[in-house]
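A.B. asks: If you scroll down you'll find the structure; I have some questions about it.
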Amino acid sequence: MNDDAPTTATTPAGATPPYRYDARRANELEARWQDFWEQHRTFWTPNPSGLLSEGFERVADRPRLYVLDMFPYPSGAGLHVGHPLGYIGTDVYARYQRMSGHNVLHTMGYDAFGLPAEQYALQTGQHPRVTTDQNIVNMRRQLRALGLGHDPRRGVATTDVHYYRWTQWIFLRIFNAWYDDAAGRARPVDELVTELEAGTRQAVSDANPDGRPWSELDDRTRRLIVDSYRLAYREEAPVNWCPALGTVLANEEVTAEGRSERGNHPVFKRPLEQWMLRITKYADRLLADLADIDWPESIKVMQRNWIGRSTGASIRFPVEAHPLDVEVFTTRPDTIFGATYLVLAPEHPLVDRIVPADWPGAVIGDELTDIPASWRGVFGTDVTPGEAITRYRAFVAQRTDLERQAEGREKTGVFTGAYAENPATGKLIPVFVADYVLMGYGTGAIMAVPAEDQRDWDFATEFDLPIVRTVEPPSDFAGDAFTGDGPAINSEFLDGLHVDDAKQRTVEWLEETGFGTGTVTYKLRDWLFSRQRYWGEPFPIVYAEDGLPIALPDSMLPVELPTLEEFEPVVSDDAADTPPEPPLGRAQHWVEVTLDLGDGPRQYRRETNTMPQWAGSCWYYLRYLDPTNEDRLVDPDVDRYWMTGPGGGGVDLYVGGVEHAVLHLLYARFWHKILFDLGFVSTPEPFHRLFNQGYIQAPAFQDARGMYVEASEVVDRAGEPMFHGEPVTREFGKMGKSLKNMVMPDDVYRDYGADTLRLYEMFMGPLDASRPWSTNDIVGVHRFLQRLWRTVIDEETDAVRVGDRAADPETRRLLHQTIAAVRSDMAALKFNTAIARLFELNNQLTRVSADTGESPREVVEPLILMLAPLTPHIAEELWARLGHDASLAFEPFPEPDEAELTVDTAEIAVQVNGKTRARLSVPVDASEATVEAAARAEPRAAAALGDAPVRKVIVVPRRLVNFVLG
RNA sequence: GCGAGCGUGGCGGAAUGGCAGACGCGCCGGGUUUAGGUCCCGGUGCCCCUCGGGGUGUGGGGGUUCGACUCCCCCCGCUCGCACCA
């Protein structure tokens, strides 16, 4: 021990003490400890069995914990300081739990397929394989420099052949599965075929319109029937075509403005044959199982809204003079007596079948008159109904979603010339086409009830259609459509019933009369799963001459992505009829292939689409569990060990950004449920607890033209931000390339070290809140680490200045209070308040060591251990300097001494009418009467009380006394 | 428009219905230093003050309560999500 007075300044003025903790020292010791952890395999986490099970016996009796981050895209720009916020948070939590006796799984992989990686490769003119590998190397370096305690053996990249082999394997399971509605789960297609062959299941399919028995069907029809059941299927449907990206996109990847989530390019609806995954079969389970998982309510709401379950009825309206019905979906079957017209979506297939050659008269109310001119549309008065519809469709097709919104939702439409019968009233009502009805929802047709729906009201007003109220509005109701509850009117057998009862009665009536049934409908659409891009997983699918898809056997996996020199997508600036053309189509030698699929070598043509970005991220958390398993996706024992847990199981803590609420998080749940149904995983949900970290924001600056300028080059001149001599305006926004406001971690490492960066990011505020980056504030936490260093090490001599002299009672009590508070804060991911407590404890040690010349070991060692999850490098270094020769990664986290936590006196507040007038120290076990008497006797309290009568006294033990005056 | 969340010092932020502003930045003062910086100590919501203290204060208004940043209602503002979903 160094017994010299530590505060003696031997350093000459103008020089920094030689052994101060500064950036240079931090960089040196951080690199050294990162090497140590790597060499000692400190964070290798053993599995209970299999190739990664070495050392499991040492942790077999510990509870296990799976902590997961949403893995990053290895983008070319590298990480900025906003990216690692969540990674640091999970690392602190994982290290804390490891020290608290858990066997913790924590690792990091790379989501390296997909558009961003390919776009970056295009920009740099290099092959995506090259840029992706470079970017992964760079990102590994940046993450390693943060000192994250990851098991390096498990960090898979989705672009590894050994990884995407299993992505393809899962696709084959999906392709070879169907959803058994009766059982409520997916089953292998083989079982479906068995049932069809045995006749225990009828072949219900568009491919078999007459319902002929299986035995009478030819092979092709049988295959079409089976294909129509598969969870992965090809279908021609209007899809989101983005010419600028050269590919189609899933609904989830298109913004409300009708533009691509990536790059903000225009997106057009085009009918194309594409791969779809039947996620709609899982709509109810995806909805219901949200109840069992511990996720932020906002994310659950977003998923619920996206799934969009509505209950109501489908109702058939017979078309006059045709053997046809228009089937509509409504959530308000009770309003059927007020349905005064029907509307079909412009693309509705029935439109062409019901349009007459000439305009009929108009039936309005009970009268027959000439139809109003507006019914013929605004495309000429001298057109037939067919022409009016054609022109209207052309008008709709060239309107973008943006234009539709800009026009204030003014209702447009055209009368089809056809009438249908309202089955409730028996009256004929006109059938319109209008684009306020969407083909993609419900049946693409509605019964319009203007009195109870504002959109229908607007349309009816525009086109002079009758409005019949069927719900009595309150007498003071002044609006148009009334959507609230009230007694039914003008509705015969429903009159007097309130909405819920009337709905139920109507559904009963519909089912009795055969005009309809109660139904449920969803906004969720099937998942468009193919992309016309190069950088993705190839489908394990080939085609023979008949054009029907054939699944490759597992033995032919992986289907490797061929190396293409010309991998650019075919892109275009407009929606002109450039068909999507997958780049893989250019790999002739790869596409045309001779295979023996059991009936001898034959020629096949490979599927040339690739899977979307999201495929690899749907299951990476499973591969982390068993990354080297060549025989299985994940060994069942290993899966059960890591995934079994509270509330149905799943990853114990999953941290990531909110932007994946309805993309990755919905898709991954869907895949996981298929794997669960088919028996490959043990839990119905993948992620038990989800936590959304906030974003790091930073000032961004715009010049006079509104262009963002490089924030790092903006200088402050007399409080005004200036860029190259020009004034600029400041705002705060999410850190990133587009706002030109990135702060790079490498710069922070250089100026302060990684521990300072970690500590700062955890100290800025709650992990789930967004907060602005402030380079000025970093010095606060850096100074703390310097003070901590000084608590242990003499800056002048580099000697340890920790002694075995007992701590004073006050310091010891503070230690144990700190331990208790830090433990609960760490467990609750409230790192900012835990850090504040550690600051206070170290500030106390600063005072103690100034007085006594040394720091008490009984306090210093627990302090270092408590800091270890937050700032592991400096903690390891100081721990070693204190004479320990093993890493502290597995040291038990300090436990509070309960005896030190119990206090015998408490400072209480004395209030008069709720206002604090005095403070008072009383024994904690004092009776209420004693406390009250002491409070009355306190001079300032007595003065405040005066002679006024006390009406009531409230005594809260250990907290306060409140006198309520009369 | 609908849904969710959030409004606390100059700034980031603390507060199981019980002493508002912990901790950090910044700022003010003092010590160390030739000086600046570093480091150490003290102060710092706002307004008064006879320096003892007093008043006031968590977006605004109301309510519940002995007591409200916290719970309830209305309004204002900001953020996010959805948006003609029948």
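Counting from 1 along the first sequence, just add 147 to a position and that's the residue number in this note's numbering.
For every residue, glycine included, the Cβ atom is placed at its ideal position computed from N, Cα and C.
Note that this is a predicted model, so its numbers are computed, not measured.
Of the residues Ala292, Gly631, Arg332, Gly747, which one's Cα is nearest the Cα of Arg432?
C.D. replies: Taking the first sequence and counting its residues from 1, the one referred to as residue 432 is at position 285. Of the listed residues, the one whose Cα sits closest to Arg432 is Arg332.
A.B. asks: Specify, as a first and last residue, the run of the alpha helix (DSSP H) that Lys820 falls within.
C.D. replies: Counting from 1 along the first sequence, the entry for residue 820 is found at position 673. Looking at the DSSP string, the run of the alpha helix (DSSP H) that includes Lys820 is 811–824.
A.B. asks: Go through the stretch 910–972 residue by residue and report every complete run of the alpha helix (DSSP H) that reaches 4 residues or more, in order.
C.D. replies: With a minimum length of 4 residues, the continuous alpha helix (DSSP H) runs that stay inside the stretch 910–972 are 925–939.
A.B. asks: Would a C-beta distance cut-off of 8 Å place Thr563 and Ile501 closer than the cut-off?
C.D. replies: Your numbering for residue 563 matches position 416 in the first sequence. Your numbering for residue 501 matches position 354 in the first sequence. Yes, they are a contact pair.
A.B. asks: Which residues in the same chain have their Cβ closer than 6 Å to the Cβ of Glu446, if we skip the five residues on either side of it in sequence?
C.D. replies: Taking the first residue of the first sequence as 1, we reach residue 446 at position 299. Looking at the sequence shown, residue 446 is not Glu but Ile. Taken in chain order, the residues that qualify are Ala808.
A.B. asks: Give the DSSP bridge partners of Met889, in chain order.
C.D. replies: The residue you call residue 889 lines up with position 742 of the first sequence. According to DSSP, Met889 bridges with nothing at all.
A.B. asks: Residues bridged to Trp325 by DSSP?
C.D. replies: Here residue 325 corresponds to residue number 178 of the first sequence, with the count starting at 1. Trp325 pairs with Arg334, Arg377.
A.B. asks: Flag this pair as yes or no: are the beta carbons of Trp453 and Phe415 separated by less than 8 Å?
C.D. replies: Here residue 453 is taken as the residue at index 306 of the first sequence, counted from 1. Here residue 415 is taken as the residue at index 268 of the first sequence, counted from 1. Contact: no.
A.B. asks: Please confirm whether Arg905 and Gly841 have their CB atoms less than 8 Å apart.
C.D. replies: Within the first sequence, the letter at position 758 stands for residue 905. Within the first sequence, the letter at position 694 stands for residue 841. Contact: no.
A.B. asks: Does the Cβ of Thr163 have 16 or more other Cβ atoms within 10 Å, making it buried, or fewer, making it exposed?
C.D. replies: Within the first sequence, the letter at position 16 stands for residue 163. Exposed, because fewer than 16 other Cβ atoms sit within 10 Å of the Cβ of Thr163.
A.B. asks: May I ask you to verify whether the stretch 249–258 touches the stretch 1038–1053, counting CB pairs closer than 8 Å and requiring at least 3?
C.D. replies: Cβ pair count under 8 Å is below three, so no.
A.B. asks: Which residue marks the beginning of the alpha helix (DSSP H) containing Lys431, and which one marks its end?
C.D. replies: Here the question's residue 431 lines up with position 284 in the first sequence. In the sequence on display, residue 431 carries Asp and not Lys. Element bounds for Asp431: 430–435.
A.B. asks: Let me know if Ala1084 comes out buried or exposed under the rule of 16 or more other beta-carbons within 10 Å of its beta-carbon.
C.D. replies: As a working note, residue 1084 is residue 937 in the first sequence. The residue in question, Ala1084, is exposed, as its Cβ has fewer than 16 Cβ neighbours within 10 Å.
A.B. asks: Any idea what DSSP makes of Leu1029, helix, strand or coil?
C.D. replies: Taking the first sequence and counting its residues from 1, the one referred to as residue 1029 is at position 882. Looking at Leu1029 - three-state DSSP - the assignment turns out to be coil, as it is neither helix nor strand.
A.B. asks: With DSSP run on the structure shown, which of helix, strand or coil describes Lys650?
C.D. replies: Within the first sequence, numbered from 1, the residue matching residue 650 stands at position 503. Of the three classes helix, strand and coil, the one that applies to Lys650 here is helix, per DSSP.
A.B. asks: Can you list, in chain order, the residues of its chain whose CB lies under 8 Å from that of Val1097, leaving out five sequence neighbours each side?
C.D. replies: In the first sequence, the residue the question calls residue 1097 occupies position 950. Excluding residues within five positions, the ones whose Cβ falls inside 8 Å are Phe1110, Val1111, Leu1112, Gly1113.
A.B. asks: Going along the chain, which unbroken runs of the alpha helix (DSSP H) with 4 or more residues stay wholly within the stretch 167–216?
C.D. replies: DSSP runs (the alpha helix (DSSP H)) wholly in the stretch 167–216: 170–186.
A.B. asks: In terms of DSSP beta bridges, what is Arg752 paired with?
C.D. replies: Reading the first sequence from its first residue, position 605 is the one you call residue 752. Paired residues: Tyr690, Glu739.
A.B. asks: With a Cβ-Cβ cutoff of 8 Å, do Trp818 and Ile317 count as a contact?
C.D. replies: Looking up residue 818 in the first sequence gives position 671. Looking up residue 317 in the first sequence gives position 170. Yes, the Cβ-Cβ distance between Trp818 and Ile317 is below 8 Å.
A.B. asks: Relative to the alpha-carbon of Leu962, which residue among Gln991, Arg952, Gly950, Val947 has its alpha-carbon at the smallest distance?
C.D. replies: Sequence index remark: in the first sequence, residue 962 carries index 815 (1-based). The shortest C-alpha separation from Leu962 is found at Gln991.
A.B. asks: Which runs of the beta strand (DSSP E) fall wholly inside the stretch 1038–1075 and span at least 3 residues, in chain order?
C.D. replies: As far as the stretch 1038–1075 is concerned, its whole beta strand (DSSP E) runs of at least 3 residues are 1052–1059, 1062–1070.
A.B. asks: Run through the DSSP bridge pairs and tell me what Gly665 is partnered with.
C.D. replies: In the first sequence, counting from the first residue as 1, residue 665 sits at position 518. In the DSSP output, where bridge partners are listed per residue, Gly665 has Ala460.
A.B. asks: By Cβ distance, which residues of its chain are closer than 6 Å to Glu728, with the 5 residues on each side in sequence left out?
C.D. replies: Walking along the first sequence from the start, residue 728 turns up at place 581. Answer for Glu728: Val717, listed in chain order.
A.B. asks: Please report the distance separating the alpha-carbon of Glu265 from that of Gln289.
C.D. replies: Position 118 of the first sequence holds residue 265. Position 142 of the first sequence holds residue 289. Rounded to whole angstroms, Glu265 to Gln289 spans 22 Å at the Cα level.
A.B. asks: Do you know whose CA, among Val584, Thr531, Ala1065, Gly880, lies nearest Ala1081's CA?
C.D. replies: By 1-based counting over the first sequence, the position of residue 1081 is 934. Ranking Val584, Thr531, Ala1065, Gly880 by Cα distance to Ala1081 puts Ala1065 first.
A.B. asks: Between which residues of its own chain and Ile426 is the CB-CB distance below 7 Å, once the five residues before and five after are set aside?
C.D. replies: If you number the first sequence from 1, residue 426 lands on position 279. Hits under 7 Å: Leu671, Asp673, Trp674, Phe817.
A.B. asks: What is the DSSP secondary structure of Gln844, counted as helix, strand or coil?
C.D. replies: Sequence index remark: in the first sequence, residue 844 carries index 697 (1-based). In this structure, Gln844 counts as strand in the three-state DSSP scheme.
A.B. asks: For Ala762, which residues from the same chain have a beta carbon less than 7 Å from its beta carbon, with the 5 sequence-adjacent residues on both sides left out?
C.D. replies: As a position in the first sequence, residue 762 is number 615, starting the count at 1. Thr314, Glu684.
A.B. asks: I'd like the list of long-range same chain contacts for Thr157, defined as Cβ closer than 7 Å, with 5 residues on each side in sequence excluded.
C.D. replies: One-based indexing of the first sequence puts residue 157 at position 10. Its pLDDT being 43, under 50, Thr157 is placed unreliably by the model, and the measurement read from it follows with that caveat. Only Glu943 meet the Cβ criterion.
A.B. asks: Could you check where the beta strand (DSSP E) with Ile636 kicks off and where it finishes?
C.D. replies: Mapped onto the first sequence, residue 636 falls at position 489. Per DSSP, Ile636 belongs to no beta strand (DSSP E) and is neither H nor E.
A.B. asks: Does DSSP put Pro532 in a helix, a strand or coil?
C.D. replies: Taking the first sequence and counting its residues from 1, the one referred to as residue 532 is at position 385. Three-state DSSP puts Pro532 in a helix.
A.B. asks: Could you tell me the distance, in whole angstroms, from the CA atom of Pro159 to the CA atom of Val1078?
C.D. replies: Your numbering for residue 159 matches position 12 in the first sequence. Your numbering for residue 1078 matches position 931 in the first sequence. With a pLDDT of 49 at Pro159, under the threshold of 50, the predicted position of this residue should be treated as unreliable, though the coordinate-derived value follows. If I take the Cα positions, the gap works out to 57 Å.
A.B. asks: So Leu1035 and Glu1054 are in contact, right, with Cβ under 8 Å, and what is the actual spacing, rounded?
C.D. replies: In the first sequence, the residue the question calls residue 1035 occupies position 888. In the first sequence, the residue the question calls residue 1054 occupies position 907. So it is not a contact: roughly 36 Å between Cβ atoms.
A.B. asks: Taking Glu420 as the reference, give the member of Gly358, Pro696, Pro231, Asn174 with the closest Cα.
C.D. replies: Within the first sequence, numbered from 1, the residue matching residue 420 stands at position 273. Among Gly358, Pro696, Pro231, Asn174, the Cα nearest to that of Glu420 belongs to Pro696.
A.B. asks: According to DSSP, is Asn1109 part of a helix, a strand, or is it coil?
C.D. replies: Residue mapping note: residue 1109 aligns to position 962 of the first sequence, counting from 1. Of the three classes helix, strand and coil, the one that applies to Asn1109 here is strand, per DSSP.
A.B. asks: Taking Val1069 as the reference, give the member of Arg1105, Asn1060, Asp1094 with the closest Cα.
C.D. replies: Taking the first sequence and counting its residues from 1, one reaches residue 1069 at position 922. Checked all of Arg1105, Asn1060, Asp1094; the closest Cα to Val1069 is Arg1105.
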